[in-house]
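Asker:
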């Protein structure tokens, strides 16, 4: 298939590389120019999208998606009937519905397919796609999902993927904050983090979050697999969506305060597990 892949960050670049490895004809674009071996590097989103079957986006936030779609040199002018636009960014579900209407007015379809699996999953082609869209479009996209991921789950129609993704990230944020606070409290009380983590992993507290993030925590490795600034962005999306729909999220509101302090403290480009540094600082732990 002919594919334009827009956004070559921590997730996007290996995703595009896996499409090339699977034999697809790929053109790529990134705001800060980057290359993917075997792909054509385009000067603009519009240039990348000329004559392709699928446009796949993986950019930072809602405004970035809007710019790629409808801004100067965006793909809107390249849209034609039969094309499919796929968004693997994590953005506001309400914005996804607005973008879908505008894309479909050009005869193309819009699918939201945010991912989970982090940097390691993207590199290994083992992502899980959380998808909202028509069954017809998903049948066309099936080989592309297979090239980049281990599975996709159709949640519902377009917009449902983003809704499910922010719900999942809400759970992750709360689960990790519970782990970080437990480690911080017990460390202050004299229990080594390695021992508490061993207890966690051998009890009902064990989870995918502790499996994945625990080793990085114990090594004090805060290099970004999922940058704190992006999780903070997602938390704000959750709170905005909750406000739009009359949902109360008191626990998340408190977690957002820790993320805000962490970002203001210079941790925004580290992995989101760096919130533990903020907790330790507030607790007087060096």
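Residue numbers (our numbering): 67 to 352.
Ideal Cβ positions, reconstructed from N, Cα and C, are used throughout, including at glycine.
Predicted model only: the values in this text are computed from it and were never measured.
For my contact list, residue 141 and residue 239 are in at a C-beta cut-off of 8 Å; report their separation, rounded to the angstrom.
Answerer: Counted from its first residue, the chain shown places residue 141 at position 75. Counted from its first residue, the chain shown places residue 239 at position 173. The pair is not a contact, with the Cβ atoms about 32 Å apart (cut-off 8 Å).
Asker: What's the C-alpha gap between residue 348 and residue 293?
Answerer: The residue labelled residue 348 in the question sits at position 282 within the chain shown. The residue labelled residue 293 in the question sits at position 227 within the chain shown. Whole-angstrom Cα-Cα distance: 21 Å.
Asker: Starting from the N-terminal side, write out each stretch of the alpha helix (DSSP H) that is 4 residues or longer and does not extend beyond the region 201-225.
Answerer: Taking only runs of at least 4 residues, the alpha helix (DSSP H) segments lying wholly in the region 201-225 are 201-214.
Asker: May I ask which residues mark the beginning and end of the beta strand (DSSP E) holding residue 198?
Answerer: Residue numbering aside, residue 198 sits at position 132 when the chain shown is read from its first letter. Per DSSP, residue 198 belongs to the beta strand (DSSP E) from 193-198.
Asker: Let me know the secondary structure DSSP gives residue 92 once reduced to three states.
Answerer: In the chain shown, the residue the question calls residue 92 occupies position 26. Three-state result, residue 92: strand.
Asker: Which word fits residue 243, buried or exposed, when buried means at least 16 other C-beta atoms lie within 10 angstroms of its C-beta?
Answerer: Within the chain shown, the letter at position 177 stands for residue 243. By the neighbour-count rule (16 or more Cβ atoms within 10 Å), residue 243 is buried.
Asker: With DSSP run on the structure shown, which of helix, strand or coil describes residue 69?
Answerer: The sequence position of residue 69 within the chain shown is 3, counting from 1. The answer is strand: DSSP assigns residue 69 an E or B state.
Asker: Say whether the region 250-266 touches the region 224-233, bearing in mind that this needs 3 or more beta-carbon pairs closer than 8 Å, one atom from each stretch.
Answerer: The region 250-266 is not in contact with the region 224-233.
Asker: DSSP on residue 277, reduced to helix/strand/coil?
Answerer: As a position in the chain shown, residue 277 is number 211, starting the count at 1. Helix, per DSSP.
Asker: Less than 8 Å between the CB atoms is what I'm expecting for residue 77 and residue 213, so what's the real figure, rounded?
Answerer: Within the chain shown, the letter at position 11 stands for residue 77. Within the chain shown, the letter at position 147 stands for residue 213. In fact, because the Cβ distance is near 14 Å, the residues do not count as touching under 8 Å.
Asker: Using a Cβ-Cβ cut-off of 6 Å (strictly less than) and excluding sequence neighbours within five positions of residue 104, which residues of its own chain qualify?
Answerer: Working through the chain shown from its first residue, we reach residue 104 at position 38. So the list reads 86, once near-sequence residues are dropped.
Asker: Taking the alpha carbon of residue 400 as the point to measure from, which residue in 303, 205 and 113 has its own alpha carbon closest?
Answerer: Nothing about residue 400 can be read from this structure; the chain reaches only from 67 to 352.
Asker: Using DSSP bridges, identify the partner residues of residue 300.
Answerer: Walking along the chain shown from the start, residue 300 turns up at place 234. For residue 300, which the question treats as bridged, DSSP gives no partner whatsoever.
Asker: Can you tell me which residues form a DSSP beta bridge with residue 293?
Answerer: Numbered from its first residue, the chain shown carries residue 293 at position 227. Residue 293 pairs with 337.
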